[in-house]
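Structure, as C-alpha cells:
Numbering (UniProt numbering), first residue to last: 1 to 511.
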C-alpha cells in the first residue's frame, strides 16, 4: 500500500464509523441527532472518494519517468488502481448512507409539520382571534364594526351635550326673567308675581322631574351599557393600563350620571324651600299690610335678600350642572381620543401582522427557491458523478490502450535492438574482411616494391654493362615502368580512401 491508499483508507474508515454511530443514535432518539451531520455524511464519502481519485492519479504521475517507461508503468498502474477503488468505495458508501438516512427521516418526520409551518398556523389563528375581537353583533344579528360603534357613541354624546346645554340655558333664562320682573316691581304685585313664579317653578320642577329624570336615567343607562359592551369587547385584546383607563372613564361617567340623576331631587328641594319661603313671605306680607310702609320696605328688602340668596343658590346649582356637563364632555372627548388611539393601534397591529404574513410568505417562497436550487445542485452533483464514472471508464479504456501501445512499443524496441545487434555483427564481419583485404593489399605492395627494387638493381647492372647499347631501351622501359607505377599508385590511393570511409562508418555505427 502506498501513502495515498493509507490516508484515504483512514479517512474513509473514520467517517464510516462516525456515520454508523450517528445512525445508531437516530434509531434510539431521533431528536438528539444533528441534522447537519445527516446531510454531510453522504457528501463526505463522495468527497473522500474524489480526493482519493485525484490523489492516486497524482501519485502515479509523480513517480512516472518517461526515460524509464518499463519501471514507471507499475507505479502508474498502482496510482490508477488507488484512484478507481477510492471512487468506487466513496460513491457506494454515499449511496448506502443516503438511502438509510432517507428511510430514517421518512420514518420519524412523516406527518409532522416544520417550525415554519407551525409559526404560520399560529399567526393565522392569532389574526382570526383579533378579527373576531374587533367585531360585535347587534340585536338583529348583524355584524357591527368597532368604528361604527364609536361613531354612534360620538353622535349620541353630541346630541346629549346639546340637549343639556339647551336645557340649562332655558332654565337660567326663565329664572333670570322672573327675578328681574320681581325686582323691577318691588311694591306692586309682589305677591301675585311671586305666586306666578312659584307656579312656574313648580310646573318647571314637575317638567324637570319626569322627563329630565327619565332622560338622564336613560342617557346614563345607555352610556353605562355602551361602555360595558366596549369593556367586554376589549377585555381580551387590551393591555392592563388601557383597561384601567376605560374602567376609570366608566366610573367618571357613572359619577356624572349620578350627578344628573340627583339634579331633579335638588330641584325638588329647591321647590320645597321656595314653598316654605313663599309661606313665610305670605305671613310677612300680611304683617306688612297691617304695618307701615317702612316695615313693608324692610320686608321687601328682606324678600329681595332672600330672592338674591335663592338666585345665588340656583346659579351655584346651574354652575355645578354646567361644570359636571363640561367634565362629562371632557371625559367623553378623552374617551373618544383613547378609542381612536386604540383603533389606530389595532390598525397598526393588523398592518404589522399583514407585513409579517407577507414576510413569512416571502420566506416560504425563498425556502422553496432554495429547495429548487438544492435539487438543481443535487442533479448537478449526480451529473458530475456520472461524468466522473464516464471519465473513469474512459480513463480505464485509455489506460488499456496505453498499456497495449506500450507493449507494442516495447516489442518494437526489442525487434529494433535485435536488428541493431545483427547490423553490428554484420559490420564487424565487414570490417574484418576489409582488414584482411588491407593486409593482402599491403602484402601486394611489398611484393611490388621488392620487384621494383630488384628491377632497379637489374637496371643498374644492365646500364652499367650496356650503357650505351641499351640507353634508349632503358629510357623506354623506365617510362613504361613510371606510367605503370603511377596507375598502380592511383589505384592504391582509391582503395585507401574507400577503406578509410568504411572504417569511419564502422566507428560511427559502433558509437
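For each residue, glycine too, the CB sits at the ideal point set by N, CA and C. Predicted model, so just to flag it, every value in this text is computed and none were measured.
Quiz item: In terms of DSSP beta bridges, what is residue 136 paired with?
Solution: Per DSSP, 144.
Quiz item: When the Cα of residue 9 is compared with those of 24, 28 and 48, which residue comes out closest?
Solution: The residue from 24, 28 and 48 with its alpha-carbon nearest to that of residue 9 is 48.
Self-check item: Neighbour-count burial assignment, residue 92, 16 or more Cβ in a 10 Å radius
Solution: With fewer than 16 neighbouring CB atoms inside 10 Å of its own CB, residue 92 falls in the exposed class.
Quiz prompt | residue 41 and residue 32 closer than 7 Å at C-beta | solution = In this structure, residue 41 keeps its C-beta atom at 7 Å or more from the C-beta atom of residue 32.
Quiz item: Would a C-beta distance cut-off of 7 Å place residue 144 and residue 157 closer than the cut-off?
Solution: For residue 144 and residue 157, no; Cβs fall outside 7 Å.
Self-check item: With 16 other Cβ atoms within 10 Å as the buried cut-off, status of residue 190
Solution: With a pLDDT of only 48 at residue 190, under the threshold of 50, the placement of this residue in the model should not be trusted; the figure read from the coordinates follows. By the neighbour-count rule (16 or more Cβ atoms within 10 Å), residue 190 is buried.
Exercise. Could you tell me the distance, in whole angstroms, from the CA atom of residue 55 to the CA atom of residue 507?
Key: Roughly 49 Å between the two C-alpha positions.
Self-check item: Backbone secondary structure at residue 110 - three-state DSSP
Solution: If DSSP states are grouped into helix, strand and coil, residue 110 belongs with coil.
Exercise. Give the single residue among 38, 22, 18 and 59 whose Cα lies nearest to the Cα of residue 6.
Key: The option with the nearest alpha carbon to residue 6 is 59.
Quiz item: Can you tell which of 166, 14, 426 and 22 has the C-alpha that lies nearest to the C-alpha of residue 39?
Solution: Minimum Cα-Cα distance from residue 39 among the listed residues 166, 14, 426 and 22 corresponds to 22.
Quiz item: Does DSSP put residue 126 in a helix, a strand or coil?
Solution: Helix at residue 126.
Quiz item: According to DSSP, is residue 29 helix, strand or coil?
Solution: In the structure shown, residue 29 falls within a coil segment according to DSSP collapsed to helix, strand and coil.
Quiz item: Taking 6 Å as the line, does the beta carbon of residue 3 fall inside it for any heavy atom of the ligand COA?
Solution: Among the components of this structure there are no ligands whatsoever, and the ligand COA is therefore not found.
Quiz item: In terms of residue numbering, what span does the alpha helix (DSSP H) encompassing residue 45 cover?
Solution: Here the alpha helix (DSSP H) through residue 45 covers 35-62.
Quiz item: Out of curiosity, what's the CA-to-CA distance linking residue 505 and residue 4?
Solution: If you take the alpha carbons of residue 505 and residue 4, they lie about 53 Å apart.
Quiz item: Which value, in whole angstroms, describes the spacing of the CA atoms of residue 491 and residue 476?
Solution: When rounded, the distance between both Cα atoms is 23 Å.
Exercise. Report yes if the CB atom of residue 63 is closer than 7 Å to the CB atom of residue 82, and no otherwise.
Key: In this structure, residue 63 lies away from residue 82, with their beta-carbon atoms at least 7 Å apart.
Self-check item: Separation of residue 115 from residue 89, as counted between CA atoms
Solution: For the pair residue 89 and residue 115, the Cα-to-Cα distance works out to about 37 Å.
Exercise. With a threshold of 16 other CB atoms inside 10 Å of the CB of residue 87, please say whether the residue is buried or exposed.
Key: By the neighbour-count criterion, in which a residue is buried when 16 or more other Cβ atoms sit within 10 angstroms of its Cβ, residue 87 is buried.
Quiz item: In whole angstroms, what is the alpha-carbon distance linking residue 72 and residue 53?
Solution: Rounded to whole angstroms, residue 72 to residue 53 spans 19 Å at the Cα level.
Quiz item: Between residue 2 and the rest of its own chain, which residues show a CB-CB distance below 7 Å, the 5 nearest in sequence each way excluded?
Solution: Contacts found: 59, 78 and 82.
Quiz prompt | C-beta contact flag for residue 44 and residue 18 at 7 Å | solution = Contact annotation: residue 44 and residue 18 have beta-carbon atoms that are not nearer than 7 Å.
Quiz item: Can the beta-carbon of residue 108 be found less than 7 Å from the beta-carbon of residue 30?
Solution: Between residue 108 and residue 30, the C-beta gap is smaller than 7 Å, which places the two residues in contact.
Quiz item: In whole angstroms, what is the alpha-carbon distance linking residue 65 and residue 80?
Solution: For residue 65 and residue 80, the distance between alpha carbons rounds to 16 Å.
Quiz item: When the Cα atoms are used, what is the spatial distance from residue 148 to residue 126?
Solution: Distance between the alpha carbons of residue 148 and residue 126 is about 23 Å.
Quiz item: By the 10 Å Cβ neighbour count, where 16 or more other Cβ atoms means buried, how is residue 497 classified, buried or exposed?
Solution: Result: exposed.
Exercise. Keeping to the same chain, check which residues put their C-beta closer than 6 Å to that of residue 503; ignore five residues upstream and five downstream.
Key: Spatial neighbours of residue 503 in its own chain (CB-CB distance under 6 Å, excluding positions within 5 residues in sequence) are not present.
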